[in-house]
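What follows is a set of notes on a single structure, which appears directly below.
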Amino acid sequence: MNNKPARTRFAPSPTGYMHVGGVRTALFAWLIARQTGGQFILRLEDTDKAREVAGSGEHIMKSLRWLGLTWDEGPDIGGPHGPYKQSDRLGTYKEWAQKLVEKGRAYADPYTPEEVQAFREEAQKNKRPFLYRNHRPEHPPAWDGTKPLRFKSDPKPYDWHDAVMGDLHAGAEAIDDFILIKSDGYPTYNFAHIIDDLLMECTHVIRAQEFIASVPNYLNLYEALEIDRPVLATLPHILGPDGNKKLSKRDGAKDMLDYAHDGYLPEAMMNFLASMGWNDGTEQEIFTAGELIQKFSLERVQKAGARFDEQRLLWMDGAHIRTLSPDDLYKRSEGYWPDGANGAGDDFKKQVLGLVQERLKYLGELPELTDFFFRDLPVNPQLWQTHKQLKKVEQGELKQLLEQARTTIEQSDFTAGDLTDRLNNLLEATGQKPAVLFSLIRIATTQAPASPGLADTLAVLGKDTSLRRIDAMLSAL
RNA sequence: GGCCCCGUCGUCCAGCGGUCAAGACACCGGGUUUUCAUCCCGGCAACCGGAGUUCGACUCUCCGCGGGGUCACCA
């Protein structure tokens, strides 16, 4: 269902890192652009000098790049409608503000912040919404740039369509004389984004729910400016894991890049993000980026907020890991190996990976899952003393069993098949339960609470290592 | 408080007047001749409430209730 090429944008303010909520907004905008063969634009909305955090623009871009949300125009690469950083576009805003002044649709705010605050408090006291236009001055001073410039609104009710929320309505009381240009010369978001979206020829404005209440104001401004408005799409919030509050940094929402560092797969994260609030109507759960691009539609986006469930993310990441080819997985595993793996060869590491791929939930688990492949762990009596089968067996008997096992294993050529055969024979010969015999050998050779299948593990470990470890345990018994 | 949005298993969600209300995550049980995991099978579990419209409502309308957003010289 490809429509005309869309120009969508993601316009974060560089005030910190990005969490899943913000990134999902970017993802949906990106999907629309890619689906229609249009452009995805990155614009930095750095008009609040007080809240700006140094370096966060770059940090945000890093997050987007990691996810694979590449942009076609942006502050770093430029483009035909630049600059893409609002602080570099001050002249443009002033120009458009001036047009509004000339039309009689903007005026300087003569009040001091304290006076406005007094109006606000009065409204609050009376449990009324605060409307600046109730105090609109009759003869405002000329705008000299030292006072805020306000929009002279034309309050009236609006009905409009939102690509996600459907048909929306708001009364005239939703419209007010909001500030266009602050007294420091910077535009507000409310003004700047309208101008930028126009000049950058954005066809869609995809943003989160907190802006929905301001849309009537924007509609009023579009009219005053006599410009067409883009498609509006309002996304529901992503909620925190336990409450109903929207996900926020304050509640411990993680930085998107933390997931990158923890070894989550970007395609899994993308899949997860998309699944929060969107589905294609089928029972498919796992989607590739290509499938998402092909199947995504704003019309199918959920209207209600979705709670962030890290367990689902974990499952999904594991599911994506299992779809990776051995070579691909190996490539991505770089940087996640335990210290002991430093000297290990590529082939050995690939073999290890082959054994743990199906139990890996995210790459950050690699050290705990594979440590014993690379170094002899200290013999840990706890492992067999607390084992539900082994603890019932006398220690002397364990030792005897392990000695028999050693003899058997020593004769193997250490292919997984041969090992399996010999181990099974031993099982019959000793008359032991597999839960006892195999657990014993597994613990002896790994000293780990869990490991991949016994024969496979032994085969990768090799004869020398296996026997050495059995001997170490033997002397401890 | 005004305005606006939302309301299906614990969670993510399917449903778009007639279904035994589906699937997935999580959880529980079983199987895949050791463990953990994968995989397979099975189980648990939901339409916020009340009216109305209709032969028939999870689906439509209204009223409640609940949750969220907003009412900044932040975005």
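Be aware that the first sequence starts at 1, since it is given in my numbering, and climbs by one per residue.
Where a beta carbon is used, it is the ideal one built from N, C-alpha and C, also for glycine.
Taking His-320 as part of the alpha helix (DSSP H), name the residues at either end of that continuous run. Note, His-320: alpha helix (DSSP H), 310 to 323.
Extract the residue ranges of the alpha helix (DSSP H) inside the region 30 to 115, only unbroken runs of 4 or more that lie entirely within it. Correct list: 56 to 67 and 90 to 102.
In whole angstroms, give me the CA-to-CA distance for Ile-181 and His-59. Distance between the alpha carbons of Ile-181 and His-59: 28 Å.
Please confirm whether Pro-187 and Thr-15 have their CB atoms less than 8 Å apart. No, the pair does not count as a contact, with Cβ atoms beyond the cut-off.
For Lys-49, count neighbouring Cβ atoms within 10 angstroms of its own Cβ and tell me buried if that reaches 16, exposed if not. Taking all protein chains shown into account, Lys-49 has fewer than 16 neighbouring C-beta atoms within 10 Å of its C-beta and is therefore exposed.
Rank Leu-398, Leu-314, Ser-248 and Ala-33 by C-alpha distance to the C-alpha of Leu-265 and give the top, closest one. The shortest Cα separation from Leu-265 among Leu-398, Leu-314, Ser-248 and Ala-33 belongs to Leu-314.
Closest by CA to Gln-39, which one among Val-352, Leu-239, Leu-69 and Met-18? Considering only alpha carbons, the answer is Leu-69.
Delimiting residues of the alpha helix (DSSP H) encompassing Phe-373: That run of the alpha helix (DSSP H) goes 366 to 374.
What residue range does the beta strand (DSSP E) around Thr-386 cover? Run containing Thr-386: none; DSSP gives neither H nor E here.
Which same chain residues, not among the five before or five after Phe-28, have their C-beta less than 6 Å away from its C-beta? If the five residues before and after Phe-28 are omitted, its C-beta is found closer than 6 Å to the C-beta atoms of Ile-206, all from its own chain and listed in chain order.
When you compare the region 341 to 354 with the region 381 to 394, are there three or more beta-carbon pairs, one atom per stretch, that lie closer than 8 Å? Pairwise C-beta distances place the region 341 to 354 out of contact with the region 381 to 394, as fewer than three of them are shorter than 8 Å.
Best match in Asp-154, Lys-245, Lys-99 and Pro-137 for proximity to Ile-195 [C-alpha to C-alpha]: Residue Lys-99 holds the alpha-carbon nearest to the alpha-carbon of Ile-195 among Asp-154, Lys-245, Lys-99 and Pro-137.
Inter-residue CB distance, Ile-175 and Leu-149 (contact presumed, cutoff 8 Å): Ile-175 to Leu-149, Cβ: 17 Å. No contact.
Segment limits, alpha helix (DSSP H) that includes Leu-419: Here the alpha helix (DSSP H) through Leu-419 covers 416 to 430.
Same chain, Cβ closer than 6 Å to Thr-457, five either side skipped, listed in chain order: Close CB contacts of Thr-457 within its chain, under the 6 Å cut and outside five residues either way in sequence, are with Ser-451 (chain order).
Keeping to the same chain, check which residues put their C-beta closer than 7 Å to that of Val-101; ignore five residues upstream and five downstream. A distance below 7 Å between beta-carbons, with the five flanking residues on each side excluded, links Val-101 to the following residues of its chain, in chain order: Trp-143.
How about Met-18 and Met-256: do their beta carbons lie closer than 8 Å? In contact: Met-18 and Met-256 (Cβ atoms closer than 8 Å).
Leu-401, enclosing alpha helix (DSSP H) - first and last residue: Per DSSP, Leu-401 belongs to the alpha helix (DSSP H) from 395 to 410.
Exposed or buried, which one is Lys-295 when buried takes at least 16 other CB atoms within 10 Å? Label assigned to Lys-295: buried.
Output the distance between the C-alpha atoms of Asp-83 and Lys-254, rounded to the nearest integer angstrom. First, the residue type needs correcting, since residue 83 is Pro and not Asp in the sequence shown. CA-CA distance, Pro-83 to Lys-254, rounds to 30 Å.
Rounded distance between the beta-carbons of Ala-208 and Thr-25, thought under 8 Å: So it is a contact: roughly 6 Å between Cβ atoms.
Which word fits Lys-349, buried or exposed, when buried means at least 16 other C-beta atoms lie within 10 angstroms of its C-beta? It counts as buried.
Hey, how far is the Cα of Phe-119 from the Cα of Ala-54? Rounded to whole angstroms, the separation of the alpha carbons of Ala-54 and Phe-119 is 35 Å.
Just checking Leu-298 against the ligand GDP - is the residue's beta carbon closer than 7 Å to any of the ligand's heavy atoms? With respect to the ligand GDP, the structure offers nothing, as it holds no ligand at all.
Pull up the CB-CB distance for Leu-402 and Leu-474, whole angstroms please, since I reckon it's below 8 Å. Between Leu-402 and Leu-474 a beta carbon distance of about 6 Å is seen, short of the 8 Å cut, so the two are scored as contacting.
Determine, using beta carbons only, whether Leu-353 and Ser-325 come nearer to each other than 8 Å. For the pair Leu-353 and Ser-325, the CB atoms are not nearer than the 8 Å cut-off.
Which of the three DSSP states, helix, strand or coil, is assigned to Ala-6? In the structure shown, the three-state DSSP call for Ala-6 is coil.
Cα-Cα separation between Ile-293 and His-237, rounded to whole angstroms: Put simply, the backbone Cα of Ile-293 is about 21 Å away from that of His-237.
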